[in-house]
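Q: Residue numbers (the working numbering): 875 to 1678.
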Amino acid sequence: MHKWRRLRDRTRFMTVLATTALTAALLIGAGLTSPANRALATPASAAGAAPPICSKSASGRLSACPPPLPHALLPAGARDGRPVRRPQGHLARLVDTRTWTSSGGNTFPGADVPFGMVQWSPDTMPHRSDGGGYTYGDRRLEGYSLTHLSGPGCRSAGDVPILPMTGALRLPGNPDAATTSFTNSGEIAQAGYYAARSDAPATITSEFTATPHSALGRFTFPQGASPEFLIKLKDSERGHTASSATIISNHEVAGSDTSGQFCGETSAFGPQQYTLYFDITFSHSFTAHRVFFLRGSSDPNSVLLTFPRSAHVIEAHVAVSYVSTANARLDLRKEGAGWDFNRVRALAQGAWGTLLSRIEVSGGSYAKTQEFYSLLCKDFLQPNVISDVNGEYRGPDGQVHQLAAGQRNQYGNFSGWDIYHSLAQLQAMLAPAAAGDMAQSLVNYYTQSGTLPQWAYVYLNNYSMIGDPADAVIADYYAFGARNFDTASALSAMLRQATTANRVRPGATVEARYGFLPYGLSYGCCNFRNPVSALLEYDTADFALSRFAAALGDQGGATAMQRQAGNWTHVFDSANHLLVPRRADGTFLRGVWRTTSAYYTEGDAVQYLWDVPNDYAGLFSRLGGRAAAARELRHYLSRPTAGGQYAMVTNEFDDGEQFAPDYAGDPATTQRTVAAIRTLVYRPGPDGIRNNDDLGAESSQFIWEMLGLYPENPGSGTLVFASPGFPRAVISLPNGKKITISAPGASPARFYVSSLKIDGRAYSRLYVPFATLARGSTMSWTLSRRPTSWGTAPADAPPSYGPS
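(1) Would you kindly check if the distance between the Cβ of residue 1348 and the Cβ of residue 1368 is under 8 Å?
(2) So what does DSSP say about residue 1462, is it helix, strand or coil?
(3) Could you work out which residue in 1163, 1173, 1099 and 1062 is closest to residue 1127 when comparing CA atoms only?
(4) For residue 1209, which residues of its own chain have a beta-carbon under 8 Å away from its beta-carbon, when the five flanking residues on both sides are left out?
(5) Can you find the residues in the same chain that come closer than 6 Å, C-beta to C-beta, to residue 1462, ignoring five residues on each side of it along the sequence?
(6) For residue 1248, which residues from the same chain have a beta carbon less than 7 Å from its beta carbon, with the 5 sequence-adjacent residues on both sides left out?
(7) Express the C-alpha separation of residue 950 and residue 982 in angstroms, rounding to a whole number.
(8) Give me the Cβ distance between residue 1648 and residue 1355, rounded to the nearest whole Å; I'm assuming they're in contact under 8 Å.
(9) Going by DSSP in three states, residue 1226 sits in which element: helix, strand or coil?
(10) Let me know the secondary structure DSSP gives residue 1135 once reduced to three states.
(11) Is the Cβ-Cβ distance between residue 1029 and residue 1111 less than 8 Å?
(12) Just to confirm my understanding: we take residue 1305, look at its own chain, exclude 5 residues before and 5 after, and list those with CB closer than 8 Å. What are they?
(13) How about the region 1588-1602 and the region 1267-1280: do they share at least three Cβ pairs that are nearer than 8 Å?
(14) Taking 6 Å as the limit between beta carbons, can you name the residues of its chain near residue 1199, skipping five residues before and five after?
(15) Would you say residue 1675 and residue 1436 are within 8 Å of each other, going by their C-beta atoms?
(16) Residue 1526 and residue 1337: beta carbons closer than 8 Å?
(17) Which residues mark the beginning and the end of the alpha helix (DSSP H) in which residue 1541 is found?
(18) Do the region 1519-1539 and the region 1481-1491 touch if we need at least three Cβ pairs shorter than 8 Å?
(19) For residue 935, write down the residues that DSSP places opposite it in a beta bridge.
(20) Report the rounded CA-to-CA distance for residue 1070 versus residue 984, giving the unit in angstroms.
(21) Nearest CA to the CA of residue 1626: which residue from 1552, 1541, 1564 and 1584?
(22) Near residue 1063, what residues of its chain come up, given a Cβ to Cβ distance below 6 Å and the 5 sequence neighbours on each side ignored?
(23) Using only the alpha-carbon positions, how far apart do residue 1104 and residue 1050 sit?
(24) By how many angstroms is the C-alpha of residue 1539 removed from the C-alpha of residue 1666?
(25) Please report how far the alpha carbon of residue 1227 lies from the alpha carbon of residue 1552, in whole angstroms.
(26) Write down every uninterrupted run of the beta strand (DSSP E) in the region 1045-1120 whose length is 3 residues or greater and which is fully enclosed by it, in chain order.
(27) Using 8 Å as the threshold, is the C-beta distance between residue 1017 and residue 1037 below it?
(28) In chain order, what are the residue ranges of uninterrupted beta strand (DSSP E) at least 3 long that sit wholly in the region 1588-1653?
(29) Thinking just about the alpha-carbon of each residue, which of 1512, 1547, 1076 and 1366 is nearest to the one in residue 1597?
(30) Rounded to whole angstroms, what is the Cα-Cα separation between residue 1074 and residue 1041?
(31) Under 6 Å Cβ to Cβ from residue 1280, same chain only, skipping five residues before and after it: list those, please.
(32) Among 1066, 1333 and 1012, whose alpha-carbon lies nearest the alpha-carbon of residue 1133?
(33) What are the boundary residues of the alpha helix (DSSP H) that residue 1531 is part of?
(34) Pairing CB atoms from the region 955-964 with CB atoms from the region 1237-1251, are three or more of them under 8 Å?
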């Protein structure tokens, strides 16, 4: 995703000196005051605005990102090349959640549970990254905010940063601009547990863990210091429009923060503002509380809580809700486990251990093994639970709804354009019950707003990208094992959205008339752009929908959608062998070359040429046959992240194109390319990827690549082959069956396939249905250092699905 952003310069610092200005700027006591008593602090914007930092442009490339760290400065695990000869225990503690946080990866390191509602995690400066909020190596702490997205390409979340500190604020100024020192020294970043130190030399150690709707913090202050917490109500990454604060008692504070406009979108196509409600209780009584107001504002800016010097260790329990403060308080009380931080940590890490152990790998280096589990962890962070413990949730219509019988949670934060390639399949394979709830959540979006979301930000419909990805996401969930949702309602909604003009497909009726989306027409709604790119996304969605319809017995719908999925053929320009925008009169635009990007979304013409995975056979025949396509692909994939005339496999529409050579009778190129990607492109450490993870899209691609498998065609359930990256992997499915993958000697130097046996029988096809493996299966690979002829026969190629 792309949107330019601005970051305020927040390098103001904390001081232990109280001043007379502090007294003038504060309201002491509970509640809100009259305008005459509000804070006189000046806006932080007076310091000026910084230029865009580590942002993605319209080309899909990052710019102004911090450079990669020298190898010697990486966390110890990312530098550890020792072999791991057997499956590891304590997988939650093996994880390093700092993986892919920095230099564009934009994931977050803080405490969470699988699909948890609260992500209590540090926001660091000066590189408060999009969504994740954290950059390894930053030396200032903005605060530990309650919500984060894992790897987006736009500023988002970062709601209600809470800054532990000692001393007092220096004013005048905006309290939101306050920071303290921060260090990676002593930092612990595990699945379900995070700890860091700040505010040197009076160092504070902050620790965090989580439950499904809440989180617990433990803050250790220096002996004799005056502990304080600054709760920032107006410091979300996308700014704010409203806030509230209520001092409930000398142990408890509740409030709210309203933010939104994800990727800079306005409310022209529907609401783009959400309100996060929170409730926080402390294990010690605070002795003073102060509410800040900026000049001219009727909403509180922040709350400062002061604790006695004897409160050396303070625990804080916080819960959130998108419905009400009362629901946040209910979430907190229902999941309160006393003040036993260690017990909550054990439960959180136990939940992660159970999930992560569903794949056991061995034989690789420690660094690669840690990277594998760290990214597997990130693949189960989002979508997020957005319903409260009482089953209430806010829908895209802005109304409060109740979970229907059989649905345990409502989910939000679906990064549609990104996650249908490989994340939805992985989640359904390992957590089918949660994936079924996610599918039902998407159906609920349709029921409540008339739209299956293109991008569901929190509970809102957002139109920041292109295509109709919910079709593929739902079909993926079903194909890989999720069944606990209203499949009939899902199919009805999907078919209607695919065939009638709506906010996601404003050109549906135009496509039905022309067979493509003509260039130059006005489509009238919701950020529609780049008709070739949109058409290819619709084709992928239509193919996935055709598989879903067929699985449910709707053969008529399946046939119609498979036929519609072939509309890419109408924009194939035989004059230059590219997919080119076409006017309503049928003429192609002239002057489109392989590296032309002006008419394509975050890519160029040659990259989009290969974005027809449902019908590679049809594409290859138009390019002169399999041999000619194989030659083109060898060149295209020889630099898999270069862009231009080459692939950009870390940007979502390119995901899976490295498996296209399988369809062209050249599996060795797939094997070589995948080996290069998982070794050189997806690296261990904080800056191991130079692109956004986009809520698990890239990390899930890495997981599949390390297994040697990939769900190339969304909705089909077909897995195509490269070769395994670990000598051994065992997938334990929730149905009790196991998929055992054995590849002795697999390494960055040994990745070509000599032979494969499945359940003891020789197997030369380059694909296998997931349903076959899900019955319990053993895959035995023999690998070589040189290319072989295995899998090169025309009959070995994975299936293509041209119009029927």
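Each residue gets a CB set at the ideal place from its N, CA and C atoms; glycine is no exception. Quick caveat: nothing in here was measured; it's all calculated off a predicted structure.
A: The answer reads as follows:
(1) By 1-based counting over the sequence shown, the position of residue 1368 is 494. By 1-based counting over the sequence shown, the position of residue 1348 is 474. Closer than 8 Å, so yes.
(2) For the purposes of this step, residue 1462 is identified with residue 588 of the sequence shown, where counting begins at 1. Strand at residue 1462.
(3) Position 253 of the sequence shown, counting from 1, holds the residue named residue 1127. Closest by alpha carbon: 1163.
(4) In the sequence shown, counting from the first residue as 1, residue 1209 sits at position 335. The residues are 1085, 1086, 1087, 1088, 1193 and 1263.
(5) Start at 1 with the first residue of the sequence shown, and residue 1462 comes out as number 588. Answer for residue 1462: 1447, 1454 and 1456, listed in chain order.
(6) By 1-based counting over the sequence shown, the position of residue 1248 is 374. Hits under 7 Å: 969, 970, 971 and 973.
(7) In the sequence shown, residue 982 corresponds to position 108, counting from 1. In the sequence shown, residue 950 corresponds to position 76, counting from 1. If you take the alpha carbons of residue 982 and residue 950, they lie about 19 Å apart.
(8) In the sequence shown, the residue the question calls residue 1648 occupies position 774. In the sequence shown, the residue the question calls residue 1355 occupies position 481. That belief holds up - the Cβ atoms of residue 1648 and residue 1355 are roughly 7 Å apart, short of 8 Å.
(9) The count along the sequence shown starts at 1 and reaches residue 1226 at position 352. Residue 1226 falls in the helix class under three-state DSSP.
(10) On the sequence shown, position 261 is the one that residue 1135 refers to. Of the three classes helix, strand and coil, the one that applies to residue 1135 here is coil, per DSSP.
(11) Locating residue 1029 in the sequence shown gives position 155, counting from the first residue. Locating residue 1111 in the sequence shown gives position 237, counting from the first residue. In contact: residue 1029 and residue 1111 (Cβ atoms closer than 8 Å).
(12) Within the sequence shown, numbered from 1, the residue matching residue 1305 stands at position 431. Only 988, 1229, 1254 and 1608 meet the Cβ criterion.
(13) When C-beta atoms of the region 1588-1602 are compared with those of the region 1267-1280, fewer than three pairs fall below 8 Å, so the two segments do not count as touching.
(14) For the purposes of this step, residue 1199 is identified with residue 325 of the sequence shown, where counting begins at 1. So the list reads 1128 and 1151, once near-sequence residues are dropped.
(15) As a working note, residue 1675 is residue 801 in the sequence shown. As a working note, residue 1436 is residue 562 in the sequence shown. Contact check for residue 1675 against residue 1436 passes: the beta carbons are separated by less than 8 Å.
(16) Translated into positions along the sequence shown, residue 1526 becomes position 652. Translated into positions along the sequence shown, residue 1337 becomes position 463. For residue 1526 and residue 1337, no; Cβs fall outside 8 Å.
(17) As a working mapping, residue 1541 is identified with position 667 in the sequence shown. Looking at the DSSP string, the run of the alpha helix (DSSP H) that includes residue 1541 is 1541-1550.
(18) yes
(19) Here residue 935 is taken as the residue at index 61 of the sequence shown, counted from 1. Looking at the DSSP assignment, residue 935 forms no beta bridge with any residue, so it has no partner.
(20) Residue 1070 sits at position 196 when you count from the first residue of the sequence shown. Residue 984 sits at position 110 when you count from the first residue of the sequence shown. Between residue 1070 and residue 984, the C-alpha separation is close to 10 Å.
(21) The sequence position of residue 1626 within the sequence shown is 752, counting from 1. Cα-wise, what sits closest to residue 1626 is 1541.
(22) If you number the sequence shown from 1, residue 1063 lands on position 189. The residues are 970, 971, 972 and 983.
(23) Translated into positions along the sequence shown, residue 1104 becomes position 230. Translated into positions along the sequence shown, residue 1050 becomes position 176. Computed Cα separation, rounded: 9 Å.
(24) By one-based count along the sequence shown, residue 1666 stands at place 792. By one-based count along the sequence shown, residue 1539 stands at place 665. So the two alpha carbons sit approximately 5 Å from each other.
(25) The residue given as residue 1227 occupies position 353 in the sequence shown. The residue given as residue 1552 occupies position 678 in the sequence shown. One C-alpha to the other measures close to 24 Å.
(26) 1054-1064, 1067-1072, 1078-1084, 1088-1094 and 1101-1106
(27) Locating residue 1017 in the sequence shown gives position 143, counting from the first residue. Locating residue 1037 in the sequence shown gives position 163, counting from the first residue. In contact: residue 1017 and residue 1037 (Cβ atoms closer than 8 Å).
(28) 1592-1595, 1602-1606, 1612-1616, 1626-1632 and 1641-1643
(29) Indexing the sequence shown from 1 puts residue 1597 at position 723. Considering only alpha carbons, the answer is 1547.
(30) What you label residue 1074 is simply residue 200 of the sequence shown in a count that begins at 1. What you label residue 1041 is simply residue 167 of the sequence shown in a count that begins at 1. Between residue 1074 and residue 1041, the C-alpha separation is close to 12 Å.
(31) The count along the sequence shown starts at 1 and reaches residue 1280 at position 406. Same-chain partners within the cutoff: there are none.
(32) As a working note, residue 1133 is residue 259 in the sequence shown. Ranking 1066, 1333 and 1012 by CA distance to the CA of residue 1133 puts 1333 first.
(33) Working through the sequence shown from its first residue, we reach residue 1531 at position 657. Looking at the DSSP string, residue 1531 is not in any alpha helix (DSSP H), and its letter there is neither H nor E.
(34) yes
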